[in-house]
Amino acid sequence: RCVSLLLSLTVLVGIGCASSTAELPVRTDHVDGTPFQEWKGFRFSQETGPRGASQYPRYNEMTKNALQKQLEDRGYIRVIEGSPDFRVAYELDFHGQKEPQSGKTSGAEPAARPYSTVRANGTLTVRMLDPDTGEAVWTGQISGIRLSTVETGRDLERYVWRLLAEFPPITR
75 RCVSLLLSLT VLVGIGCASS TAELPVRTDH VDGTPFQEWK GFRFSQETGP RGASQYPRYN
135 EMTKNALQKQ LEDRGYIRVI EGSPDFRVAY ELDFHGQKEP QSGKTSGAEP AARPYSTVRA
195 NGTLTVRMLD PDTGEAVWTG QISGIRLSTV ETGRDLERYV WRLLAEFPPI TR
């Protein structure tokens, strides 16, 4: 009995670990010579989330809050007035699966109507921009994002944390 309980716990832990954010694909790129270690203040860019903002305003706001929290936890300060050291632009985009949903019909078979599900895969792209030129000096992207309907905010916080684990890049 104890062995079966231990085996069950091991399987559950294994399933939980298999779906962790640490395993999601993260890609980053940066411009050599950028003085990341000197940066202190940031501001969100006007370019933030053109697709994501209009299609998913609630998720867009949650992502912005998660980015602000993670950057502030790392010692950066959000600048409201004055000149920031960098601007933050991001885009949250979902794509992928549609699943059939039964609908009433007059025939023997129900009609299938497509609708988006929480199983759609998302991609979060974050760009740190030079405030003077608007050029991206660091870009990070995490894909394979899946949000639960219950813990959406927490899910986004984990994805943002995982992506920003790569920022600032280690430079020589």
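Each position in the sequence shown, counted from 1, maps to that position plus 74 in the numbering used here. Virtual Cβ for every residue (Gly too), placed ideally from N, Cα, C.
Distances from the CA of G196 to each of D106, E112, T226 and S157 were compared; the closest alpha carbon is that of T226. Boundaries of the beta strand (DSSP E) harbouring T213: A210 to I219, taken from the DSSP string. Bridge partners of I151 according to DSSP: G115. Counting C-beta pairs closer than 8 Å gives fewer than three between the segment 101-112 and the segment 141-153, which falls short of the contact rule. Secondary structure of L166 (DSSP, three-state): strand. Under the three-state reduction of DSSP output, F241 falls in the coil class, being neither helix nor strand.
Pairwise C-beta distances place the segment 228-240 out of contact with the segment 149-163, as fewer than three of them are shorter than 8 Å. Taking 9 Å as the cut-off, the Cβ atoms of S157 and P205 count as close.
In the three-state scheme derived from DSSP, where H, G and I count as helix and E and B as strand, T102 is classed as strand. About 5 Å separates the Cβ atoms of L166 and L198, confirming a contact at the 8 Å cut-off.
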